[in-house]
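Residue numbers (the numbering used here): 175 to 449.
Even for Gly, the Cβ is constructed at its ideal location relative to N, Cα and C.
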Amino acid sequence: PVLGSRAQLAEVLRQHQVDEVVIALPEASHEELLDMIGACESVHATVRIFPDFFQIIASEMSIGDLDGLPLLTVRDVALRGWRLAVKRAMDIVGSACALIILSPLMLLIALLIKLDSKGPVFYTQERVGLDGKPFPIIKFRSMRVDAEQHSGPVWATADDPRKTRLGAFLRKTNLDELPQFINVLLGDMSLVGPRPERPVFVEEFKKIVPRYMERHKEKAGLTGWAQIHGLRGDTSIVERTKYDLYYIENWSLLLDLKIILRTILNQFRGNRNAY
């Protein structure tokens with residue numbers, strides 16, 4: 175029976191509580207395949223694709239068959255069970271300790287912001303996190319209050335005129351991101367994970383970057399595998415996505431600790447892409 179069109183795929187899967195989808199459409203284009211995969215992933219359905227038509231970048235896959243037909247299964251590599259519990263425990267302990275240790279510095283920054291420009295100390299902005307759900311990220315305000323009043327959402331650049339005098343320094347040194355330890359403590363974010371983007375940019379990136387939405391299988395992070403390799407700020411989204419997916423597919427406690435240590439070292443060395 176025909177349950178709906180390709181455009182209605184996510185709705186049909188949700189309505190019928192489908193756990194697994196097999197895609198075998200010889201007439202489907204590359205873009206259509208990506209759209210169908212995205213629809214399946216939005217309802218957490220396992221995707222199985224006939225190999226001849228699987229043309230997206232490599233993923234964690236297992237080979238199986240259905241009545242003799244060879245199929246590739248795109249495996250769910252999201253953290254589960256004890257691994258998820260360990261990561262959350264590290265987030266709670268790490269963020270709580272950081273907030274206590276850094277509280278004098280954060281109070282000083284708050285005072286300087288009030289002296290430097292008019293407006294609130296903190297700035298909240300909607301970002302996309304776990305399972306594609308939005309959450310309010312907390313930062314020290316580094317731009318004018320009316321920064322996007324006329325331009326709308328704009329990608330930050332090195333010579334961004336919206337920054338305040340103090341804000342330029344805070345962004346260059348990443349100090350504007352210290353309040354995100356609160357996000358980690360609340361469970362919106364993790365110490366390590368893919369950096370969260372604004373919804374308007376996520377909508378753009380998912381149309382042009384294969385598997386982009388798979389970044390949201392884990393919580394967004396304060397730092398990540400991409401960031402310690404210099405991929406932050408105005409850098410390639412395709413490359414950042416590759417590094418983010420590598421992290422998700424190869425997560426370990428040791429890898430998290432390595433990323434945290436590298437982040438601390440890079441903080442003292444400085445980052446030319448931080449602005």
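- Around the Cβ of leucine 340, a 10 Å sphere holds 16 or more other Cβ atoms; the residue is buried.
- In the DSSP annotation of this structure, the continuous segment of the alpha helix (DSSP H) that includes methionine 280 starts and ends at 255 to 290.
- Histidine 190 counts as exposed, since fewer than 16 other C-beta atoms from the protein chains shown sit within 10 angstroms of its C-beta.
- Approximately 15 Å separates the beta-carbon atoms of aspartate 290 and threonine 347; this is outside 8 Å, ruling out the contact.
- For lysine 313, the enclosing beta strand (DSSP E) covers residues 308 to 314.
- Contact holds between the stretch 410 to 419 and the stretch 373 to 383, because three or more Cβ pairs, one in each stretch, are under 8 Å apart.
- The beta carbon of aspartate 418 lies closer than 6 Å to those of Pro368, Arg389 and Ala400 in the same chain, with the five residues before and after it left out.
- Nearest to lysine 391 by alpha-carbon distance, out of Ile402, Gly404 and Trp425, is Trp425.
- As a beta-bridge residue in DSSP terms, tyrosine 297 pairs with Lys313.
- Separation of the CB atoms of arginine 318 and valine 295 is rounded to 14 Å, and the pair is thereby denied contact status at 8 Å.
- Under a 10 Å Cβ-count criterion, arginine 257 is classified as exposed, with fewer than 16 other Cβ atoms of the shown protein chains found around its own Cβ.
- Of Asp362, Ile382, Met363 and Leu439, the smallest CA-CA separation from glutamate 206 is found for Ile382.
- Between serine 364 and glycine 407, the gap from beta carbon to beta carbon reaches 8 Å or more.
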